[in-house]
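Each remark here refers to the structure printed beneath this line.
Number of protein chains: 2
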Amino acid sequence: MKAWEKNVRKVTPYTPGDQPNRPRMVKLNTNENPYPPAPGVAKALEAFETDCLRLYPDPKSSILVDALAEYCHVKPEQVFVGVGSDDVLALAFMTFFNSDRPVLFPDITYSFYPVWAEEFRIPFETPALDEEFRIRKEDYYRENGGVIFPNPNAPTSLALGRSDVEDIIRHNPDSVVIVDEAYVDFGAESALGLVDRYENLLVVQTFSKSRSMAGMRIGFAVGSPLLIRYLNDVKYSFNSYTMNQLTLRLGVEAVRDEAYFRSTVDKIVKTREEAKRILGEMGFCFPESCSNFLFITHPRYRAKELYEALKKEDIYVRHFSAARIDNYLRVTIGTDDEMAVLYDFLRRYAKRQNT
Amino acid sequence: MKAWEKNVRKVTPYTPGDQPNRPRMVKLNTNENPYPPAPGVAKALEAFETDCLRLYPDPKSSILVDALAEYCHVKPEQVFVGVGSDDVLALAFMTFFNSDRPVLFPDITYSFYPVWAEEFRIPFETPALDEEFRIRKEDYYRENGGVIFPNPNAPTSLALGRSDVEDIIRHNPDSVVIVDEAYVDFGAESALGLVDRYENLLVVQTFSKSRSMAGMRIGFAVGSPLLIRYLNDVKYSFNSYTMNQLTLRLGVEAVRDEAYFRSTVDKIVKTREEAKRILGEMGFCFPESCSNFLFITHPRYRAKELYEALKKEDIYVRHFSAARIDNYLRVTIGTDDEMAVLYDFLRRYAKRQNT
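Chains as they are written, first to last, in our numbering: chain A, 7 to 361; chain B, 7 to 361.
Structure below.
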């Protein structure tokens, strides 16, 4: 190792899901929305004058912040926007978790949390989910340097009720508590209504799932004005202009079309409920999903083998090799047609296993 | 202060230049390009199908990385892209400057450097520019935890020759040396040709100035494959998908149109040379500019007063209140028409001062 390499921050980077791009593939591996963004997004793109791109965007991202404040019924100074919720969460780890005490998050959860903790040299502990993959709220009632959990949790798909979430917040007045609501729109109760009561609560959401905008990279956080100011200070010390002009304009349109948003979410929920029935009949087991994915296992299949067999057919789902969940697959809810291709293959797979 | 606030990373954030947005304003305050992006950018925008926005972008940003590798005559594994060069530089500070020894950069330079150093708790020292605002290369021939300087320097507009840059790199085999070339296309010699000779050299450039894309947020770094791998590891541990789909497509078009790029740069250089003559005749003094701005002072004017007077006329330039440069104004080179408005006001201002 050369001398200059000694000063390098060494990390084990997060591994994102594969992003294959093959014609006719069925892509159910990264929890994207199977439906396009709201029609207003295409119209805003058409109306956009590229000549303005010579100018810097508004560093305050005001048009998007204002649209989100209105949508969430909070003041603009309670809203923070970033390059996907990953950017928001990374900056929140950096801003709020500067303690010698460990940050707490579940052992089975979004696999980026330990990566951020390692990147920023933050100590952490991971209380185990119970046997049914549920968060035990009492595990978070002890001294810590911060608390973060997704609700619904990923990849387990299970949600805590709002009163349980509030219990965790109430027991942690001395830490910042982050509720990561990437999947909340598909059936869980949001903690947004609690931000005016708890100054140390940060609720994070994303446009990547329920708003069909993964390709645009928009995430946001809502909290008390004081919390958001601290987060903005760190953000402005990192990169003044994170949201480009197109992101701001297109993002606003995605927020405004409430009817389209509801209709897409409803379609996905309907397909999910049908998937539960069909996969259940095939012998798959899964926790009760409040999200746009199912976390499935089968008593007679090895998940890794099924994953490989699906991949050969250009059907992509996600497999995690971590302990306790290595015999599960995370399957994003696609369109009815995409799900039909999946069911069809699984029926053939079942026959193959029986012969 | 509440208990949770004790764990907050407290910083003094960077103050970006004002981004006023008034009809008929003359905006010469943030070194934007007065000309629109390459025509291919508008075409790519028109051709873009918003339906794909439901999918994540390519986390490797391959189309843009490949286009830049070809442009810079390096391998794709030598190119890193980010959300403006600020994102690239922030991640580079975080990745490469982890030492107890101080990082070195000039006392008068891009004002974001001390902000990043503070944000990441990096010790630093700032060798003073000489009396004529020149970097003294010998100041960087001592033990350090890293070296960074812009070439041309900002806001002074002066450039070091390539052999001086190479001298600094050659004297620092044990540190990463970052050459920040935001303004290089307007008349300085790039260090890009040195990256294959020095494994510890990182050259950073941006689309915000010479490529008229400030509103799109694209910056990039070129270095050895090892250096770029370290930088990518930290980036993937922060946010896997920083570049959205539109940024990637539009960025590629901006790189490809070499003829348009050259013609806009040439126009700006021509306007700058004329500005030197006209402002010189008005009694302004300034260092020899290799950039798209002039750093002007006048023996009979107070810079801050002139700044305010210009602002009243909707002509925006940049004033810094730091010691040694508080009687200077940084004036971006605009179109000939915009510059004519500036000259016209300055002539009236001169008369006012004489009466």
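A virtual CB, placed ideally from N, CA and C, is assigned to each residue, including glycine.
For residue j and residue i, the rounded distance between their alpha carbons
{"i": "D64(B)", "j": "P22(A)", "result": "10 Å"}
{"i": "I224(B)", "j": "F213(B)", "result": "5 Å"}
{"i": "D113(B)", "j": "N238(B)", "result": "29 Å"}
{"i": "Y62(A)", "j": "F244(B)", "result": "24 Å"}
{"i": "F192(A)", "j": "V337(A)", "result": "15 Å"}
{"i": "I175(B)", "j": "E125(B)", "result": "26 Å"}
{"i": "E279(A)", "j": "R140(A)", "result": "20 Å"}
{"i": "D247(B)", "j": "L256(B)", "result": "According to the sequence shown, residue 247(B) is Tyr rather than Asp. Cα-Cα distance, rounded: 16 Å."}
{"i": "F351(B)", "j": "K282(B)", "result": "16 Å"}
{"i": "N333(B)", "j": "T56(A)", "result": "36 Å"}
{"i": "K241(A)", "j": "V347(A)", "result": "44 Å"}
{"i": "A75(A)", "j": "L74(B)", "result": "39 Å"}
{"i": "L70(A)", "j": "D93(A)", "result": "16 Å"}
{"i": "N27(B)", "j": "F54(A)", "result": "17 Å"}
{"i": "P231(A)", "j": "A44(A)", "result": "30 Å"}
{"i": "M7(B)", "j": "A188(B)", "result": "41 Å"}
{"i": "N250(B)", "j": "I234(A)", "result": "24 Å"}
{"i": "R142(B)", "j": "L59(B)", "result": "49 Å"}
{"i": "K6(B)", "j": "K273(B)", "result": "Lying before the first or after the last residue shown, residue 6(B) is absent from chain B, which here runs from 7 to 361."}
{"i": "S117(A)", "j": "Y20(A)", "result": "7 Å"}
{"i": "G152(B)", "j": "P129(B)", "result": "10 Å"}
{"i": "K16(A)", "j": "E172(B)", "result": "27 Å"}
{"i": "S216(A)", "j": "N37(A)", "result": "10 Å"}
{"i": "K66(B)", "j": "Y355(B)", "result": "53 Å"}
{"i": "K317(A)", "j": "N35(A)", "result": "10 Å"}
{"i": "E195(B)", "j": "D202(B)", "result": "16 Å"}
{"i": "E311(B)", "j": "R353(B)", "result": "15 Å"}
{"i": "P179(A)", "j": "V190(B)", "result": "51 Å"}
Contact test: residue i Cβ vs the ligand MN heavy atom, cutoff 8 Å
{"i": "N150(A)", "result": "With respect to small molecules bound, the structure shown includes none, and the ligand MN cannot be examined in it."}
Per-residue DSSP class, three states only, for residue i
{"i": "E144(B)", "result": "helix"}
{"i": "V14(B)", "result": "coil"}
{"i": "A227(B)", "result": "strand"}
{"i": "F99(A)", "result": "helix"}
{"i": "G23(A)", "result": "coil"}
{"i": "F86(B)", "result": "strand"}
{"i": "K310(B)", "result": "helix"}
{"i": "G340(B)", "result": "coil"}
{"i": "G361(B)", "result": "Correcting the residue type first, residue 361(B) is Thr in the shown sequence and not Gly. Note: T361(B) maps to coil in three-state DSSP."}
{"i": "G152(B)", "result": "strand"}
{"i": "R324(B)", "result": "strand"}
{"i": "G351(A)", "result": "Per the sequence shown, the amino acid found at residue 351(A) is Phe instead of Gly. DSSP places F351(A) in helix when its eight states are reduced to three."}
{"i": "K365(B)", "result": "Because chain B in this structure spans residues 7 to 361, residue 365(B) falls outside the shown range and cannot be described."}
{"i": "L70(A)", "result": "helix"}
{"i": "C58(B)", "result": "helix"}
{"i": "I284(B)", "result": "helix"}
{"i": "C296(A)", "result": "coil"}
Residue closest to residue i, alpha-carbon to alpha-carbon, out of the options
{"i": "N39(B)", "options": "S269(B), L312(B), F326(B)", "result": "S269(B)"}
{"i": "G229(B)", "options": "N298(B), N206(B), P26(B), L51(B)", "result": "N206(B)"}
{"i": "G90(A)", "options": "L252(A), V210(A), K357(A)", "result": "V210(A)"}
{"i": "P293(A)", "options": "A227(A), C58(A), D342(A), E137(A)", "result": "E137(A)"}
{"i": "S181(B)", "options": "R354(A), T361(A), A9(A)", "result": "A9(A)"}
{"i": "F326(A)", "options": "L316(A), A309(A), K317(A)", "result": "A309(A)"}
{"i": "A98(B)", "options": "F226(B), Y116(B), A197(B)", "result": "F226(B)"}
{"i": "N298(B)", "options": "P161(B), I339(B), V323(B)", "result": "I339(B)"}
{"i": "A165(B)", "options": "G151(B), N150(B), D186(B)", "result": "D186(B)"}
{"i": "V271(A)", "options": "K318(A), S218(A), A315(A)", "result": "S218(A)"}
{"i": "A50(B)", "options": "E259(B), T36(B), C296(B)", "result": "E259(B)"}
{"i": "P133(B)", "options": "V85(B), F102(B), Y41(B), F155(B)", "result": "F155(B)"}
{"i": "E344(B)", "options": "H304(B), Y41(B), D24(B), D170(B)", "result": "Y41(B)"}
{"i": "A48(A)", "options": "L252(B), Y322(B), T101(B)", "result": "L252(B)"}
{"i": "R330(B)", "options": "E52(B), T341(B), W122(B), F301(B)", "result": "F301(B)"}
{"i": "R306(A)", "options": "A197(A), I284(A), Q359(A)", "result": "Q359(A)"}
{"i": "S295(B)", "options": "T162(B), T303(B), H304(B)", "result": "T162(B)"}
{"i": "Q84(B)", "options": "D342(B), R324(B), H177(B), G199(B)", "result": "G199(B)"}
Check whether the region 132 to 148 of chain A touches the region 68 to 81 of chain A, counting contact only when three or more Cβ pairs, one atom from each stretch, lie closer than 8 Å.
With a cut-off of 8 Å, the region 68 to 81 of chain A and the region 132 to 148 of chain A do not count as touching, because too few Cβ pairs lie within range.
Any beta strand (DSSP E) of 3 or more consecutive residues that is wholly inside the region 222 to 279 of chain B
Entirely contained in the region 222 to 279 of chain B, the beta strand (DSSP E) runs reaching 3 residues are, in chain order, 225 to 228.
Those runs of the alpha helix (DSSP H) which lie wholly inside the region 107 to 143 of chain B and span at least 4 residues
Correct list: 119 to 125.
Between the region 95 to 115 of chain A and the region 285 to 293 of chain A, can you find at least three pairs of beta-carbon atoms closer than 8 Å?
Result no; under three Cβ-Cβ pairs closer than 8 Å.
Inspect the CB distances between the region 28 to 36 of chain A and the region 250 to 266 of chain A and report whether three or more fall short of 8 Å.
By the Cβ test, the region 28 to 36 of chain A is not in contact with the region 250 to 266 of chain A, since fewer than three Cβ pairs between them sit closer than 8 Å.
Can you list, in chain order, the stretches of the beta strand (DSSP E) that have 3 or more residues and sit fully within the region 163 to 216 of chain B?
Runs of the beta strand (DSSP E) inside the region 163 to 216 of chain B: 183 to 186, 207 to 212.
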